[in-house]
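Residue numbers (our numbering), protein chains in the order written: chain H, 1 to 345; chain W, 1001 to 1345; chain S, 2001 to 2345; chain U, 3001 to 3345. What follows is one structure encoded as structure tokens, with my remarks underneath.
Given below as structure tokens:
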């Protein structure tokens, strides 16, 4: 075993590639294919997206989640506008200011208890619409499943999109873990995005078994008009595009996206069940998807994470995050739970 | 055969992945690895770069050539500065304005006959150094091998870096096809970059058998100090970094980079030999690397490119570009040459 | 009287130009002067700044406060960095996202009770220094007097600059109303800026009797090195610079800055005294400088502001802002107070 | 006489303020006026623009020419687009890269003999419209009078606007010296801008007797929709706007713009007549407006410019530029001509 390949619950990005996805890549590696997406693999994957999300869907593959998010926002905004999001949003916390750099826009973060924003918290930010002294809100960006492992109910999404549209704003959905949300809600991908009024979706693959690549999905073709230029100028146009396309083709075939996410969610649920009654552990968020947030005694964090790698989420409150992924095993869970019981008893 | 996988000479990006590289990816797909580059695969690949280019080398993997170029330039400039390059440079012609968007800088393109810039053409752009009304030249960016398939002699590179440094400018080298240049010059990679005074290198893999990924290579560690932030904010930090790292590890092992480039160069040389005496074909640039530029009769371009896909480079002068790659076969060449002879006789 | 020239307490920007300043402009309007600041008027004004703030001071005139603020921040940051400021800061609330547009940086707003930030509120934002996933705090920007009319004590400023410098951050001071703060603290301009460790100052003239123009004042010459380029590229280099320079010359001569600010502060103090005992008026902030913030009955705001123009600051809490300026008269105050007493009794 | 107020022909920016303009400023300095342009002075000046250029005209005052140019371009472009202009254009040569910084766009400079671009030189830049690898031309920017003192004939402007509009591009006109062009062509301001199809105009005042301030003039209201936000975020919204407004009011009253420009043009014509037959002086451009370009013996430049300040335009060819302005006197011209005759005989 290579050092550094220690298992754990640090991130669903630490997992590798699902074998079916890797196999698809291998099969695509024959002969020439026109670069930059003008190839049959990309065409076929795009057709899968249309089938999944509806006919007018326009999909553009990019390299990663940050790329998908910031270019989506760029497509929806001018620099004098603003993006409303949760304080905990990946775009606000974890992209090193990429949204500001790419768009020039201000982010208007909203504090939340559980990563989910509501119309009541959005409304006050609209008081200065039309007043040139203030950055003009133009997009509400929500994450599904959220960065806190919670999941918006479809009607919660719809309330936001309805309010946003009534006020001339777009809704972007960061779906890095959309598959986990769909599994949690027992729905398809379309029912909780397009059908709820979302305008643009960052559809994640990397956290669900893909090697690299995310998809920017437009549900209104007019919004996609300039996106090919935005993607190229944003340095997110892959030359050997076929190798992203076939990964998404694989993910959308035979419900691989669902099976992977379902497994990850089940493992998180199992972990919650295993640890919920361990003394001195408090689960701090609903375990809706594939993350467990727990307050644990500070003094044990270091030794625990030496055996099963994971991150501290909130130093002040000693809250840690445990992510599961498509390749988490029951053995991982029971082994970790046993360790927790031993250490914390 | 999948439609669209027609062979041809359109671009070295149309080729697939070298089997050794694909195999390395497969072998890396086991267990967990810490995301974002803090993993042993990346560490090992970085060591290979140090071995290849010298100990103080700092390497950062990014997704693609445009990303490598624009983030390199961003690391070297402030927005009020300017980048001098050939008019034909990829950064000037083929990146949809990405350098301007990422850096805010002006590009100062220089016209050339063969894609190679010289000190004499750089000098006039320095007349306003210190004058706040003019964007301040800060970087000279050269491409090796050039976009016209020509190769700078080492002493030509050195003349540029010496002049640049004397005037307080940095030198960036777009090495999307650096391997082809090294083969052409019968040198190593270091001898024509670091040893000639280059400050920062975009080292290309994609055109030489890699699936995705390029490397930004700093030869002065002080210039690399902030690059990890620049890369992250630039949306070019791969989460499952190991899968880029192992591709470069493979490329730098057992001289795979050289063997691939040598083959591509040889195929271009063969193509040149095969076609040079065909009537009504004029080779318009020295065939130093893996590209053949040729003026051919306009009326035959369409039918020819239907059988072997390639691009018109200059409509006005009816010049076409034929690229070879690591997977071009002698059969591709002889078949195409036969077709040319048949059509153009 | 021209319609629209109604007096009131809306903003110190609604006042005109102090006669001494206007006279200075008139006197400068003779013959030719080299454009863009290479003229004796600008040289002389710069000397005044050195005399006021110390020898190593470098001053650059720009057009307005937003220009001074955003270009100061640009001089101190790279795009992957962040600026910590009060939620109520002008740069955060009132510049339509100009800081983000010009710098690419994220702003990290801190909630405050009185517009003043403290080390305790800054500290949590430094938890991720060095972590590339987060925008890197590089500047603390404070406003003096604050947007809420309060004034930092010198030792409060010093505590911030010391903490900032210990952590590798710079301190920018938005001094749009610095003169009012100095008067309030009974100090000079230098004692509460440079001497307290401030690195860069936006020194305001417009709110204190100037027609147009602000000064960016660097207390460390190394930070000013590139500013002339930043100013020009930022479209803030005045061609007929002499006409800004002589205004600041006038302001810094015979303590005009102090006399103007003192008058404005006195008028605010008078207003406070006049209204503090009127029923149903609650003064909500200490009246340290030239602003009075007061909660007043919502139903009277419209009729009151028809006679004396002013703005509502916080609709939710029915708080209004009354600004005084160098040209506010005692009659303005007593007349307004009489109206308030009449309406609110 | 203050040192540095030496007269000369360096720039029309070295002149002061026309007395009528200064007087208008003084008259506006009474009482309060709502800041940021919501005042009767600004309203009145805007009405003058509508009268001059037609009813649907929307005018926005900004601080200077660079501000007017770059914000105009920002209003017309997205970052992946490009702006076609003459190589000698102020936006290309003299704004320190401000257009790239503000818009993110690439500039596509066209070489010219006399500062005027033509459709034939624009056309080749449109070959890649729709191709995402290339920055997409969206604006043609022309200067009238040009930076070389030449003037487009109305039909030359119209040919450009027609071609641009046919290809989906806008036309911006940098009218820093539009008044001089109108005088040269014996037309009004509207006939050579709006009536010839120009979309957006930077209308200059500073080079024609104004203290500070330029006007961005939109001839299509839909293009102006977001400009108030662009101006504010661009740090070009003046708080005491009345003092810009009244200057333009004065300029557009009683044809002051025309009288000032006429005088400047006449002085340039006089200068040309005086020097055209002096040996070793070659006038290198048609003297259409208020500039004379001349090749003169290199060895005399320094001593000449010590007595009458002017700039060298082209060191290599020893070409100098002599600008006249509204305050140039016949004595300035005859004195300078006498000196030239003495030195060059």
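Positions of the beta carbon are idealized from the N, C-alpha and C atoms, including for glycine. These figures come from a predicted structure and were not determined experimentally.
For this session: Assess, as a yes-or-no matter, whether the stretch 285-295 of chain H is touched by the stretch 1011-1027 of chain W under the definition of 3 or more beta carbon pairs within less than 8 Å.
Result: Cβ pair count under 8 Å is below three, so no.
For this session: Please name the residue in H:277, H:225, H:147 and H:195 whose C-alpha comes closest to that of residue 155 of chain H.
Result: Check the Cα spacing between residue 155 of chain H and each of H:277, H:225, H:147 and H:195: the tightest is with H:195.
For this session: Let me know the beta strand (DSSP E) ranges lying completely inside the stretch 1043-1093 of chain W, each 3 residues or longer, listed in chain order.
Result: With a minimum length of 3 residues, the unbroken runs of beta strand (DSSP E) contained wholly in the stretch 1043-1093 of chain W fall at 1058-1062 and 1081-1086.
Problem set entry | Same chain, Cβ closer than 7 Å to residue 2231 of chain S, five either side skipped, listed in chain order | Excluding residues up to 5 positions away in sequence, 2060, 2062, 2071 and 2237 lie with their Cβ nearer than 7 Å to the Cβ of residue 2231 of chain S in the same chain.
Exercise. Are the stretch 1081-1089 of chain W and the stretch 1107-1114 of chain W in contact at 8 Å, needing three or more beta carbon pairs?
Worked result: Enough Cβ pairs lie closer than 8 Å, so yes.
Exercise. Which runs of the alpha helix (DSSP H) fall wholly inside the stretch 3188-3249 of chain U and span at least 4 residues, in chain order?
Worked result: Taking only runs of at least 4 residues, the alpha helix (DSSP H) segments lying wholly in the stretch 3188-3249 of chain U are 3227-3233.
For this session: Provide the residue span of the alpha helix (DSSP H) that contains residue 1302 of chain W, from first to last.
Result: First-last of the alpha helix (DSSP H) with residue 1302 of chain W: 1301-1307.
For this session: Would you mind sorting residue 3253 of chain U into buried or exposed? The rule is 16 or more other CB atoms within 10 Å of its CB.
Result: With fewer than 16 Cβ atoms within 10 Å of its Cβ, residue 3253 of chain U is classed as exposed.
For this session: Can you give me the start and stop residues for the beta strand (DSSP E) that residue 2143 of chain S sits inside?
Result: First-last of the beta strand (DSSP E) with residue 2143 of chain S: 2136-2143.
Exercise. Under 8 Å, do residue 171 of chain H and residue 199 of chain H count as touching if we go by C-beta distance?
Worked result: Yes, Cβ-Cβ distance for residue 171 of chain H and residue 199 of chain H is below 8 Å.
Exercise. Candidates U:3093, U:3105 and U:3094: which alpha carbon is nearest residue 1098 of chain W's?
Worked result: Checked all of U:3093, U:3105 and U:3094; the closest Cα to residue 1098 of chain W is U:3105.
For this session: Return no unless some Cβ of chain S is closer than 8 Å to the Cβ of residue 3105 of chain U.
Result: With 8 Å as the cut-off, residue 3105 of chain U does not count as an interface residue toward chain S.
Exercise. Hey, is residue 191 of chain H's beta-carbon within less than 8 Å of any beta-carbon in chain W?
Worked result: Answer no: the Cβ-Cβ gap between residue 191 of chain H and chain W never drops below 8 Å.
Exercise. Hey, residue 3189 of chain U and residue 3053 of chain U: beta-carbon distance below 8 Å or not?
Worked result: Yes, the pair counts as a contact, with Cβ atoms nearer than the cut-off.
For this session: Within 10 angstroms of the Cβ of residue 100 of chain H, are there 16 or more other Cβ atoms? Answer buried if so, exposed if not.
Result: Residue 100 of chain H counts as buried, since at least 16 other C-beta atoms from the protein chains shown sit within 10 angstroms of its C-beta.
Problem set entry | Same chain, Cβ closer than 6 Å to residue 1286 of chain W, five either side skipped, listed in chain order | Scanning its chain for C-beta atoms nearer than 6 Å, with the 5 sequence neighbours on each side dropped, one finds around residue 1286 of chain W the residues 1150, in chain order.
Exercise. My guess is that residue 307 of chain H and residue 339 of chain H are in contact by the Cβ rule of under 8 Å, so how many angstroms apart are they, rounded?
Worked result: Rounded to the nearest angstrom, the Cβ distance from residue 307 of chain H to residue 339 of chain H is 6 Å, consistent with a contact under 8 Å.
Problem set entry | residue 297 of chain H vs residue 223 of chain H beta-carbon contact at 8 Å | No, Cβ-Cβ distance for residue 297 of chain H and residue 223 of chain H is not below 8 Å.
For this session: Taking a Cβ distance cut-off of 7 Å, strictly less, list which residues of the stretch 3068-3080 of chain U are near chain W, in chain order.
Result: For the stretch 3068-3080 of chain U, the beta-carbon criterion of a distance under 7 Å to any beta-carbon of chain W is satisfied by 3079 and 3080.
Problem set entry | Every unbroken beta strand (DSSP E) within the stretch 2269-2336 of chain S, with a cutoff of 3 residues, ordered by chain | Listed in chain order, the complete beta strand (DSSP E) runs (minimum 3 residues) inside the stretch 2269-2336 of chain S are 2291-2295, 2311-2314 and 2319-2323.
For this session: Could you give the DSSP three-state label for residue 1170 of chain W: helix, strand or coil?
Result: Note: residue 1170 of chain W maps to strand in three-state DSSP.
Exercise. So which residues of chain U does residue 1132 of chain W contact, with C-beta pairs closer than 9 Å?
Worked result: The contacting residues are 3096.
Exercise. CA-CA distance, residue 40 of chain H and residue 304 of chain H?
Worked result: Here the alpha carbons of residue 304 of chain H and residue 40 of chain H stand approximately 48 Å from one another.
Exercise. For the candidate residues W:1159, W:1152 and W:1144, whose alpha-carbon lies nearest to that of residue 1174 of chain W?
Worked result: It is W:1144.
Problem set entry | As assigned by DSSP and simplified to three states, the class of residue 2107 of chain S | Collapsing the DSSP output to three states places residue 2107 of chain S in a strand.
For this session: Verify whether the separation of the beta carbon atoms of residue 1301 of chain W and residue 1341 of chain W is less than 8 Å.
Result: For the 8 Å CB-CB criterion, residue 1301 of chain W and residue 1341 of chain W do not form a contact.
Exercise. What are the residues that DSSP puts in a beta bridge with residue 3175 of chain U?
Worked result: In DSSP, residue 3175 of chain U forms a bridge with U:3203.
For this session: Pull up the distance between the alpha-carbon of residue 265 of chain H and that of residue 17 of chain H, whole angstroms please.
Result: Their backbone Cα atoms lie some 18 Å apart in a straight line.
Exercise. Does the distance from the CB of residue 346 of chain H to the CB of residue 77 of chain H come in under 8 Å?
Worked result: Here chain H comprises residues numbered 1 to 345, so residue 346 of chain H is not present and cannot be evaluated.
Problem set entry | Where residue 3008 of chain U falls: helix, strand or coil (DSSP) | Three-state DSSP puts residue 3008 of chain U in a strand.
Exercise. Are residue 1125 of chain W and residue 3315 of chain U close, meaning C-beta to C-beta below 8 Å?
Worked result: No, the pair does not count as a contact, with Cβ atoms beyond the cut-off.
For this session: Could you name the residues of the same chain whose beta carbon sits closer than 7 Å to that of residue 3250 of chain U, not counting the 5 residues immediately before and after it, in chain order?
Result: Around residue 3250 of chain U: 3020, 3021, 3024 and 3256.
For this session: Within its chain, find whatever has a CB closer than 6 Å to the CB of residue 103 of chain H; leave out the 5 residues flanking it on each side and keep chain order.
Result: Non-local beta-carbon contacts of residue 103 of chain H in its own chain, meaning distances under 6 Å to residues more than five positions away in sequence, involve 73, 74 and 77 in chain order.
Exercise. Starting from residue 1022 of chain W and walking both ways along the alpha helix (DSSP H), at which residues does that stretch end?
Worked result: Start and end: 1019-1028.
Exercise. Of all Cβ atoms in chain W, is any one closer than 8 Å to the Cβ of residue 141 of chain H?
Worked result: The beta carbon of residue 141 of chain H sits no closer than 8 Å to any beta carbon of chain W.
Exercise. Can you tell which of H:64, H:80 and H:79 has its C-alpha closest to the C-alpha of residue 90 of chain H?
Worked result: Of H:64, H:80 and H:79, the smallest CA-CA separation from residue 90 of chain H is found for H:64.
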